[in-house]
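Here's the structure we're looking at; comments come further down.
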Amino acid sequence: MSLIKTDAPGQRLLLMGNEAIARGALEAGVQVCAAYPGNPSSEIIGTLSQVAEELGIYVEWSVNEKVALEVAAAASLAGLRGLAAMKQNGLNVASDFLLNLNLSGSKGGLVVVVCDDPSALSSSNEEDSRAFARLADLPLLEPSGFQEAKEMTKWAFELSEELGLPCLIRSVTRVSHARGNVQLGELPKAERRARFDTSKPILPVPVIWTHRLLHEKLEKCRKRFEASEFNLYRGPQRAELLILTSGAGWMYALEAISNLGLEARVGIAKLGTTWPLPEGFLKEQLSRSTKVLFVEEVDPFLETNVKGFAAQVQEELGPKLFLGKSTGTLPDIGELTPDHLIRVLKELLEVSYEPRPATYIQEAAQAASQAAPPRTLGFCAGCPHRATYWAVKKALALDGRDGFVLGDIGCYSLGMGPAGFFQMKTLHAMGSGAGLANGFGQLGRFGLEQPVLAVCGDSTFYHAAIPALVNARYNGADFLMLILDNSATAMTGFQPHPGTGRTAMGEVANPIDIEALCRALGVRVQSADPFQLDRTVELLLDLLQDGKGVRVLVLRQECALVRGKREGRAFKVLVDQERCLGLKCGCNRLCTRVFRCPGLVWDGASGKARVDEAICTGCGVCASICPASAILKEAI
Amino acid sequence: MDQDRGLKALESLVLGRGLCTMCGACARMCPYLETFNGRIVKLHECDLQEGRCFAHCPRTALDLAALNRNRFGSEEVPLELGFQKRVLMGRGLDPGLRGKAQTGGTVSSLVALALEEGLVDAAVLTQRGKDLLPAGRIVSRREEVLECAGSSYVASPSLAALNKGPWQGHERIALVGVPCQIWALEKMRSCELNQDAPARKVVLSIGLFCTWALSYTPFVSFLRRKFPSEVVEAMDITPPPERILRIRTSSGSREVPVEEIRPFVQPACTVCADMTSELADLSVGTVEGEPGWNTLIIRTSAGESILDRALARGILEVKDLPAPNAQHLAQASMLKKRRALEAIKQMEDGKGGYLLADSRWLERVRLGTEGGEQ
Chain Y
19 MSLIKTDAPG QRLLLMGNEA IARGALEAGV QVCAAYPGNP SSEIIGTLSQ
69 VAEELGIYVE WSVNEKVALE VAAAASLAGL RGLAAMKQNG LNVASDFLLN
119 LNLSGSKGGL VVVVCDDPSA LSSSNEEDSR AFARLADLPL LEPSGFQEAK
169 EMTKWAFELS EELGLPCLIR SVTRVSHARG NVQLGELPKA ERRARFDTSK
219 PILPVPVIWT HRLLHEKLEK CRKRFEASEF NLYRGPQRAE LLILTSGAGW
269 MYALEAISNL GLEARVGIAK LGTTWPLPEG FLKEQLSRST KVLFVEEVDP
319 FLETNVKGFA AQVQEELGPK LFLGKSTGTL PDIGELTPDH LIRVLKELLE
369 VSYEPRPATY IQEAAQAASQ AAPPRTLGFC AGCPHRATYW AVKKALALDG
419 RDGFVLGDIG CYSLGMGPAG FFQMKTLHAM GSGAGLANGF GQLGRFGLEQ
469 PVLAVCGDST FYHAAIPALV NARYNGADFL MLILDNSATA MTGFQPHPGT
519 GRTAMGEVAN PIDIEALCRA LGVRVQSADP FQLDRTVELL LDLLQDGKGV
569 RVLVLRQECA LVRGKREGRA FKVLVDQERC LGLKCGCNRL CTRVFRCPGL
619 VWDGASGKAR VDEAICTGCG VCASICPASA ILKEAI
Chain F
8 MDQDRGLKAL ESLVLGRGLC TMCGACARMC PYLETFNGRI VKLHECDLQE
58 GRCFAHCPRT ALDLAALNRN RFGSEEVPLE LGFQKRVLMG RGLDPGLRGK
108 AQTGGTVSSL VALALEEGLV DAAVLTQRGK DLLPAGRIVS RREEVLECAG
158 SSYVASPSLA ALNKGPWQGH ERIALVGVPC QIWALEKMRS CELNQDAPAR
208 KVVLSIGLFC TWALSYTPFV SFLRRKFPSE VVEAMDITPP PERILRIRTS
258 SGSREVPVEE IRPFVQPACT VCADMTSELA DLSVGTVEGE PGWNTLIIRT
308 SAGESILDRA LARGILEVKD LPAPNAQHLA QASMLKKRRA LEAIKQMEDG
358 KGGYLLADSR WLERVRLGTE GGEQ
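In structure tokens:
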């Protein structure tokens, strides 16, 4: 049961940042919410989907972020309030629409929450999505905590409605995924009726006119920001150093100053509204000190913009020393920590303090590793992707033409490492494996003799690979596309997608048949169960040899976690200790050294392999790789 | 030698230098080496310091003196043709067999006899399969022997079949192979790493004469280019001086001068100094100028015993090999050794080549080739 629908104004609840954002949207009366899942944003729509039916709102897991934004925007254009959520990469997908919508404008409150992932803890990049606010001339808010995340979201709807512009909220992992107390507000009782006013088309043209209008809206926004309670200053009237910060930087700055006891010497100006800049507020803060340190994640967004503004008003403000990423004072990549700040402040203000050593993180990780079993980043026990990459590796080796796999985003991205036997050779955006294969698949004319393979998951297929497949079929790109259908958007938390037969609201839907879709394009398509290794290798070899044009192989086996939850183990798997020859086998510990399913362990005492029953999910694939037939699978 | 003797070494010293003969001795014992479309394929990295793959390979270091001592009780064997008890010419008397076999049907007759007489339970032979791809086959019946008759001239990893089995209940095995396979067989038999190796159950080895073998993929591509949409049914190379590859295809008879296919000879064959399978129980080749007759070199008592049995059963007829033929055979064998010596010399570093590991034998070849036949 989700807490976010609790109808008890004034009550304080422990909420995750993403739940606070969802609650803020509910308090604002949001009626349409859409997203494509992606860490660290997934819980926003995930939480809303759990309460959708009861609260009478519409929540959708869309096929991709652009469609999600379009779905939410449609609500806005019909006078309702709409929310779209995504991770930083998702905004790139949605940006094409966003950079027209800014000109056409919106009607009902429209909020786009983008959760950035500094240090790329679960991403393929750590881009700073704030650049889009400037690029699109759109208002940008950055919450620094949990209560603020809720209040800011609620306010963003009002602001959006007032300006007729979509409003961006930028969160980061430490705001979205941490938990804190949030005091609830009222949930609105009235619901709006949707209607599209056909007398007023929503168009970005004529651009010269709409662009000017957009700038006027932004100017109006700036004035509203001047008075925003999300911008605040804490510290002495005049400070030896002014910290200018936003987002999670606020928490790090508070902690650093408190640890060093610098409350009387250092001031912190926190911006909740980071684009357009609240210039009056900024001028007032900048006048407090001649030294300014910018604290923000990831790019020097405030730093660059504020320095630009300061240059305009330098005669009034006088000379300033600006410190931040551009001066090398703070790192220009990765997440910040209080330690980063402590080191800088200690030096700037000449205070003595012994922060934890720089090697603390490594030492902590090492200490933790003593207690936890050694495991590399890899697939779960029983994961079908392990079997898939095992078969791909064998087929490519047998084929012998140095074929290679182009990949993209999903659990199967781990195919780039030991879990997938290093088979995946490229990793970029959703659908980029298939996209790159379109190009590689045309290079035969320039001497490329290697077979080209693309890999994508089922959810990624619907998200971004279909246009690439259409392109390949029409233009005759020569490659083999593997669709790893594990019947789940597994990496982000099992959200439904068009192949799963359920919607975000839990309704039954007619799944889209991948094979039928491929066949309709006129593509040779085959299916196999990757757990049947020999059959899969055979099919792969056949498809690899079948040159010319794009071929599709759907490798279908349900995610081990989904299957495990529903029906438990398919097999009881055990290693026959008589048959396992251990080091005498000549297999050189194939099962635990090469195959490396975490369900198999090497028992140093007996010098043989055994199954870790707590971890094994009973897929039984390892039984077919043991050369001594020592791994037995018994039907349960 | 203080270096790895595992898969990594096999890769760097043999596979990576084009010295693999495709004999199959390293394949299908472990999950790491497989044979596929005329190649030895490494499926995974293996870091064992010592492996059967390396130990079995006919192109890794080999103590020929020791092998000769084990086989024949003497290290000093004749240089030209190896240890021999008798040299004869013979042919099978079963017309059904002779029609299918390459030359005189001698090998097929002997293997069929060995099975029928219960001298062996099974034999490892080579059969040309789909798309001309040859592979080892385990047979135990006469009809199966017939299906394996004839040569494909393409290197076949037949020893992989010996490695893989299955060998349930088979205790006595016959094996027919080319010289590199017979060398590998002897290494397998004496390999300390596996006392249960199927090779130790081989009681009869019949070695074929061999001047070279072709690499599968380039040769088959050549045939496809040359005779598109024709199915090859049989192949034979006529003896010198003609030296023509005669191919019977679905559309009739085709002829290709041997010079045209020479580019597809395996690089590994150029360093081979054994034409007559000198370590076999008995060796069989063709007799030049005597169509339908085989040369037989009987080397061991096992070889002698199967021959005697065949003669007693009237399966084979034999006569003495005329002196000019015997002399010609010795010259051809020495020619192969001399060419091998040249090829070895041209190899850059010479590391790990089997001949270089045995300097005494090498020296004998050198002296032999310089002193002989001029």
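Those sequence lines, one after another, are chains Y and F.
First residue of the first sequence? That's 19 in this note's numbering, and the numbers climb one at a time after it.
First residue of the second sequence? That's 8 in this note's numbering, and the numbers climb one at a time after it.
Don't be surprised by glycine CBs; every beta carbon is placed ideally from N, CA and C.
Only a predicted model underlies this, so the values are computations on that prediction, with no experimental measurement involved.
Simplified DSSP state of Asn77/F, which is helix, strand or coil: helix
Spatial neighbours of Gly127/Y within its chain, please: C-beta separation below 6 angstroms, excluding the five flanking residues on both sides. Excluding residues within five positions, the ones whose Cβ falls inside 6 angstroms are Arg99, Phe175, Ser178 and Glu179.
Who are Pro41/F's beta bridge partners in DSSP? Here residue 41/F is Glu; the residue named in the question, Pro, does not match the sequence. In the DSSP output, where bridge partners are listed per residue, Glu41/F has Val48/F.
Using 10 angstroms around the beta-carbon of Arg24/F, count the other beta-carbons present and answer buried if the total reaches 16, otherwise exposed. buried
Buried or exposed (CB count within 10 angstroms, at least 16 for buried), Leu262/Y: With at least 16 other beta carbons inside 10 angstroms of its own, Leu262/Y counts as buried.
When the distance is taken between beta carbons, is Val423/Y closer than 8 angstroms to Leu466/Y? no
Closest Cβ-Cβ distance between Cys605/Y and chain F: below 8 angstroms? yes
Should His233/Y go down as buried or exposed, given a rule of 16 or more other Cβ atoms within 10 Å for buried? Taking all protein chains shown into account, His233/Y has fewer than 16 neighbouring C-beta atoms within 10 Å of its C-beta and is therefore exposed.
With Phe90/F and Arg76/F assumed to form a contact (beta carbons below 8 angstroms), what rounded beta-carbon distance in angstroms separates them? Actually they do not touch by this definition, with Cβ atoms about 11 angstroms apart.
Where does Gly359/F sit, in a helix, a strand or coil, going by DSSP? In this predicted model, Gly359/F has a pLDDT of only 46, less than 50, meaning its place in the structure is not dependable; the value taken from the coordinates is given anyway. Correct three-state label for Gly359/F: coil.
Who are the neighbours of Leu416/Y on chain F, taking C-beta pairs under 9 angstroms? The answer, in chain order, is Glu41, Phe43, Asn44, Arg46, Val48 and Leu50.
When you compare the CB positions of Asp476/Y and Ser505/Y, do they come within less than 8 angstroms of one another, or not? yes
Is the CB of Tyr223/F under 8 angstroms away from at least one CB in chain Y? no
Among the residues of its own chain, which have a CB less than 7 angstroms from the CB of Ala167/F, if the five just before and after it don't count? Gly31, Ala34, Arg35, Thr42 and Gly143
Please check if any C-beta of chain Y sits within less than 8 angstroms of the C-beta of Met29/F. no
Which one or two residues does DSSP pair with Pro264/F in a beta bridge? Ile251/F
Which ranges does the beta strand (DSSP E) cover as unbroken runs of at least 3 residues, wholly within the region 205-250 of chain F, from first to last along the chain? The qualifying runs are 209-215 and 239-244.
If you draw a straight line from the C-alpha of Asp128/F to the C-alpha of Lys590/Y, how long is it? 39 angstroms
Establish whether the CB of Arg59/F and some CB of chain Y are separated by less than 8 angstroms. yes
Could you give the DSSP three-state label for Leu95/F: helix, strand or coil? strand
Looking at C-alpha atoms only, which residue of Pro219/Y, Val526/Y and Glu585/Y is the closest neighbour of Leu95/Y? Pro219/Y
Going by DSSP in three states, Cys609/Y sits in which element: helix, strand or coil? helix
Considering only their Cβ atoms, is the gap separating Ser140/Y from Asn107/Y smaller than 8 angstroms? Their beta carbons are not under 8 angstroms apart, which means Asn107/Y does not touch Ser140/Y by this criterion.
Exposed or buried, what is Asp114/Y when buried is set at 16 or more other beta-carbons lying within 10 Å of its beta-carbon? Exposed, by the Cβ-count rule.
Enumerate in chain order the residues of its own chain whose CB-to-CB distance from Ala112/Y is below 6 angstroms, with the five nearest sequence positions on each side excluded. Glu83, Lys84 and Leu87
Whole-angstrom Cβ separation of Leu498/Y and Leu571/Y, contact assumed at under 8 angstroms? 6 angstroms
According to the Cβ coordinates, are Val526/Y and Gly519/Y closer than 8 angstroms? Result yes, Cβ atoms of Val526/Y and Gly519/Y sit closer than 8 angstroms.
Output yes or no for whether 8 angstroms exceeds the beta carbon distance between Lys194/F and Ala62/F. yes
Examine chain Y for any beta-carbon lying closer than 8 angstroms to the beta-carbon of Cys53/F, and answer yes or no. yes
Rounding to the nearest angstrom, what Cα-Cα distance links Ala482/Y and Gly567/Y in this structure? 20 angstroms
Three or more C-beta pairs closer than 8 angstroms, one from the region 427-440 of chain Y and one from the region 57-72 of chain F: is that the case here? Flag = no, the region 427-440 of chain Y and the region 57-72 of chain F do not touch.
According to DSSP, simplified to helix, strand and coil, what is Ser230/Y? The sequence given here has Arg at residue 230/Y, not Ser. In the structure shown, Arg230/Y sits in a helix (DSSP, three-state: H, G or I).
Bounding residues of the alpha helix (DSSP H) (the contiguous stretch that carries Glu193/F): Pro186 to Ser197
Would the beta-carbon of Pro548/Y fall within 8 angstroms of that of Ala409/Y? yes
Burial state of Phe6/Y, where buried means 16 or more other Cβ atoms lie within 10 Å: Residue coverage of chain Y in this structure runs from 19 to 654, which leaves residue 6/Y outside it and unanswerable.
When the cut-off is 8 angstroms and only beta carbons count, does Pro645/Y lie next to chain F? yes
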